[in-house]
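Note that the sequence shown covers residues 28 to 228 in our numbering. Each residue gets a CB set at the ideal place from its N, CA and C atoms; glycine is no exception. On a predicted model such as this, the values are computed, not experimentally measured, just so you know. For reference, the structure is listed below as C-alpha coordinates.
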Amino acid sequence: MSQTSAATPATTSKRSRHVRIALLGAAAFSLAACREEDVPSAAFPTLDACLEAAAGPGTWVTEESCEEGFGQALEAHVETAPRYDDQALCEAEHGGECVAEERPGGGGSIFLPLMAGYLIGNMLGGRGSMAQPFYGRSSGGFATPGGTVLNQARGTTSLSPNAFRAGTPTRTAAPMTRATVNRTGGFGATRTGTGVRSFGG
(Lines of atoms letter the chains of each structure in order from A and count residues from 1; the text may use other names and numbers.)
(Lines give C-alpha, C1' and ligand atoms only; values in the text may rest on other atoms or scores of the structure.)
Protein backbone atom coordinates (compact mmCIF):
# COMPACT_ATOMS: atom_id res chain seq x y z
CA MET A 1 0.00 0.00 0.00
CA SER A 2 1.41 3.41 -0.95
CA GLN A 3 1.56 6.15 1.62
CA THR A 4 1.40 9.90 1.04
CA SER A 5 3.86 11.76 3.26
CA ALA A 6 2.56 14.97 4.81
CA ALA A 7 4.73 18.09 4.88
CA THR A 8 6.09 18.83 8.31
CA PRO A 9 5.78 22.32 9.86
CA ALA A 10 9.54 22.75 9.45
CA THR A 11 9.35 21.95 5.72
CA THR A 12 6.43 24.35 5.24
CA SER A 13 8.28 27.13 7.06
CA LYS A 14 11.39 26.61 4.93
CA ARG A 15 9.34 26.76 1.73
CA SER A 16 7.67 29.99 2.90
CA ARG A 17 11.05 31.57 3.54
CA HIS A 18 12.24 30.60 0.06
CA VAL A 19 9.10 32.07 -1.50
CA ARG A 20 9.52 35.35 0.42
CA ILE A 21 13.19 35.61 -0.55
CA ALA A 22 12.36 34.91 -4.20
CA LEU A 23 9.61 37.57 -4.19
CA LEU A 24 11.87 40.13 -2.55
CA GLY A 25 14.61 39.41 -5.06
CA ALA A 26 12.18 39.82 -7.95
CA ALA A 27 10.88 43.09 -6.53
CA ALA A 28 14.40 44.48 -6.12
CA PHE A 29 15.26 43.51 -9.69
CA SER A 30 12.07 45.16 -10.93
CA LEU A 31 12.84 48.39 -9.08
CA ALA A 32 16.38 48.46 -10.44
CA ALA A 33 15.06 47.98 -13.96
CA CYS A 34 12.66 50.93 -13.49
CA ARG A 35 15.41 53.37 -12.54
CA GLU A 36 16.32 55.61 -15.42
CA GLU A 37 19.95 55.73 -16.46
CA ASP A 38 22.05 58.80 -15.78
CA VAL A 39 22.30 61.17 -18.72
CA PRO A 40 25.16 63.38 -19.95
CA SER A 41 24.74 66.79 -18.34
CA ALA A 42 26.45 70.17 -18.53
CA ALA A 43 26.25 73.51 -16.75
CA PHE A 44 26.92 76.87 -18.35
CA PRO A 45 26.80 80.41 -16.96
CA THR A 46 25.51 81.85 -20.24
CA LEU A 47 24.15 80.83 -23.63
CA ASP A 48 27.37 82.08 -25.24
CA ALA A 49 29.43 79.78 -23.01
CA CYS A 50 27.31 76.84 -24.13
CA LEU A 51 27.65 77.78 -27.81
CA GLU A 52 31.40 78.08 -27.36
CA ALA A 53 31.53 74.55 -25.95
CA ALA A 54 29.32 73.26 -28.77
CA ALA A 55 31.80 74.58 -31.33
CA GLY A 56 34.63 72.58 -29.74
CA PRO A 57 35.56 68.93 -30.30
CA GLY A 58 34.43 65.87 -28.35
CA THR A 59 31.17 67.08 -26.82
CA TRP A 60 27.53 66.00 -27.04
CA VAL A 61 26.45 69.63 -26.67
CA THR A 62 25.21 71.18 -29.91
CA GLU A 63 24.13 74.66 -30.90
CA GLU A 64 20.56 73.38 -31.03
CA SER A 65 20.69 71.87 -27.52
CA CYS A 66 22.25 75.08 -26.18
CA GLU A 67 19.48 77.25 -27.57
CA GLU A 68 16.69 74.82 -26.76
CA GLY A 69 17.96 74.40 -23.21
CA PHE A 70 18.36 78.12 -22.67
CA GLY A 71 14.76 78.68 -23.76
CA GLN A 72 13.52 75.98 -21.37
CA ALA A 73 15.56 77.47 -18.53
CA LEU A 74 14.11 80.93 -19.13
CA GLU A 75 10.57 79.53 -19.08
CA ALA A 76 11.29 77.71 -15.82
CA HIS A 77 12.85 80.87 -14.39
CA VAL A 78 9.64 82.81 -14.99
CA GLU A 79 7.54 80.17 -13.21
CA THR A 80 9.79 78.84 -10.44
CA ALA A 81 12.51 81.40 -9.58
CA PRO A 82 12.84 82.06 -5.83
CA ARG A 83 10.93 85.24 -4.93
CA TYR A 84 11.34 87.50 -1.89
CA ASP A 85 9.51 90.39 -0.29
CA ASP A 86 12.74 92.35 0.23
CA GLN A 87 15.53 93.20 -2.23
CA ALA A 88 18.33 93.12 0.34
CA LEU A 89 17.21 89.68 1.53
CA CYS A 90 17.14 88.37 -2.04
CA GLU A 91 20.62 89.70 -2.77
CA ALA A 92 22.01 88.28 0.47
CA GLU A 93 20.54 84.86 -0.31
CA HIS A 94 21.91 84.73 -3.84
CA GLY A 95 25.07 86.81 -3.70
CA GLY A 96 24.18 89.04 -6.58
CA GLU A 97 21.73 91.43 -8.17
CA CYS A 98 18.01 90.88 -7.77
CA VAL A 99 15.35 92.48 -9.92
CA ALA A 100 11.88 93.71 -9.04
CA GLU A 101 8.60 92.57 -10.50
CA GLU A 102 5.10 93.69 -9.65
CA ARG A 103 3.18 91.58 -7.17
CA PRO A 104 0.25 89.68 -8.68
CA GLY A 105 -2.74 91.98 -8.33
CA GLY A 106 -0.54 94.96 -7.54
CA GLY A 107 0.46 96.17 -4.09
CA GLY A 108 4.16 96.71 -4.46
CA SER A 109 7.13 94.71 -5.71
CA ILE A 110 8.71 91.35 -5.07
CA PHE A 111 12.29 90.47 -5.92
CA LEU A 112 13.95 87.56 -7.68
CA PRO A 113 17.59 86.78 -8.52
CA LEU A 114 19.01 86.79 -12.00
CA MET A 115 19.85 83.34 -13.38
CA ALA A 116 23.44 82.39 -12.62
CA GLY A 117 23.33 79.91 -15.49
CA TYR A 118 21.54 76.82 -16.69
CA LEU A 119 21.89 73.06 -16.49
CA ILE A 120 21.13 70.94 -19.54
CA GLY A 121 20.86 67.19 -19.98
CA ASN A 122 20.97 65.03 -23.07
CA MET A 123 17.91 62.84 -22.55
CA LEU A 124 18.09 59.23 -23.73
CA GLY A 125 15.72 57.65 -26.21
CA GLY A 126 15.65 60.58 -28.59
CA ARG A 127 13.82 62.83 -26.12
CA GLY A 128 16.07 65.82 -26.84
CA SER A 129 17.37 68.11 -24.12
CA MET A 130 15.96 69.12 -20.75
CA ALA A 131 17.10 72.17 -18.81
CA GLN A 132 16.71 74.05 -15.55
CA PRO A 133 17.99 77.47 -14.42
CA PHE A 134 20.27 77.73 -11.42
CA TYR A 135 20.99 80.46 -8.88
CA GLY A 136 23.70 81.28 -6.37
CA ARG A 137 23.25 80.17 -2.75
CA SER A 138 24.28 82.09 0.35
CA SER A 139 25.96 78.91 1.63
CA GLY A 140 28.03 78.60 -1.55
CA GLY A 141 27.62 76.94 -4.91
CA PHE A 142 24.42 76.97 -6.90
CA ALA A 143 21.05 75.20 -6.98
CA THR A 144 18.16 74.70 -9.36
CA PRO A 145 14.58 75.40 -8.20
CA GLY A 146 14.03 71.63 -8.21
CA GLY A 147 16.88 71.02 -5.77
CA THR A 148 19.91 69.93 -7.80
CA VAL A 149 23.07 71.32 -6.18
CA LEU A 150 25.98 72.48 -8.32
CA ASN A 151 29.45 73.17 -6.98
CA GLN A 152 30.40 75.18 -10.05
CA ALA A 153 28.62 77.21 -12.71
CA ARG A 154 30.38 75.42 -15.54
CA GLY A 155 31.29 71.78 -16.09
CA THR A 156 30.11 68.39 -17.30
CA THR A 157 28.99 65.23 -15.53
CA SER A 158 26.25 62.57 -15.63
CA LEU A 159 23.06 63.09 -13.63
CA SER A 160 19.79 61.31 -13.02
CA PRO A 161 16.88 62.65 -15.11
CA ASN A 162 15.41 63.64 -11.71
CA ALA A 163 18.02 66.41 -11.61
CA PHE A 164 15.92 68.23 -14.21
CA ARG A 165 12.62 68.08 -12.37
CA ALA A 166 10.71 71.34 -12.19
CA GLY A 167 10.62 73.43 -9.05
CA THR A 168 7.46 74.46 -7.24
CA PRO A 169 5.68 77.33 -9.05
CA THR A 170 6.34 80.62 -7.25
CA ARG A 171 4.91 83.28 -9.54
CA THR A 172 1.59 83.52 -7.68
CA ALA A 173 2.79 82.19 -4.32
CA ALA A 174 3.58 84.34 -1.29
CA PRO A 175 7.18 85.60 -1.52
CA MET A 176 9.75 84.42 1.00
CA THR A 177 10.32 86.65 4.00
CA ARG A 178 13.22 86.84 6.43
CA ALA A 179 11.21 84.67 8.80
CA THR A 180 10.72 82.08 6.04
CA VAL A 181 14.45 82.05 5.28
CA ASN A 182 15.36 81.72 8.96
CA ARG A 183 12.93 78.83 9.36
CA THR A 184 13.97 76.89 6.26
CA GLY A 185 17.66 77.77 6.01
CA GLY A 186 17.22 79.65 2.75
CA PHE A 187 17.13 78.72 -0.92
CA GLY A 188 18.47 75.24 -1.61
CA ALA A 189 19.04 74.38 2.05
CA THR A 190 15.99 72.12 2.41
CA ARG A 191 16.38 70.64 -1.05
CA THR A 192 19.70 68.88 -0.64
CA GLY A 193 19.59 65.29 0.52
CA THR A 194 16.83 64.42 -1.95
CA GLY A 195 18.96 61.77 -3.61
CA VAL A 196 20.00 64.01 -6.49
CA ARG A 197 23.76 64.05 -6.71
CA SER A 198 25.62 67.31 -6.45
CA PHE A 199 27.44 68.56 -9.51
CA GLY A 200 31.13 69.25 -9.98
CA GLY A 201 33.02 70.62 -12.96
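Counting along the chain, the unbroken alpha helix (DSSP H) around E91 starts and ends at E90 to T107. Between the C-alpha atoms of S136 and N209 there is a straight-line separation of about 21 Å. Annotation for A70: the continuous beta strand (DSSP E) segment containing it runs V66 to F71. G155 sits exposed, since fewer than 16 C-beta atoms from the chains shown fall within 10 Å of its C-beta. Q159: member of the beta strand (DSSP E) spanning S156 to G163, first to last residue. Taken in chain order, the complete alpha helix (DSSP H) segments of 4 or more residues contained in the segment 114-142 are 114-121. DSSP places T211 within a helical segment (H, G or I) once states are collapsed to three.
When C-beta atoms of the segment 183-190 are compared with those of the segment 119-137, fewer than three pairs fall below 8 Å, so the two segments do not count as touching.
DSSP places G83 outside any beta strand (DSSP E), giving it a letter other than H or E.
In this structure the segment 65-80 lies against the segment 89-98, because at least three pairs of beta carbons, one per stretch, are closer than 8 Å. Around the Cβ of R198, a 10 Å sphere holds fewer than 16 other Cβ atoms; the residue is exposed.
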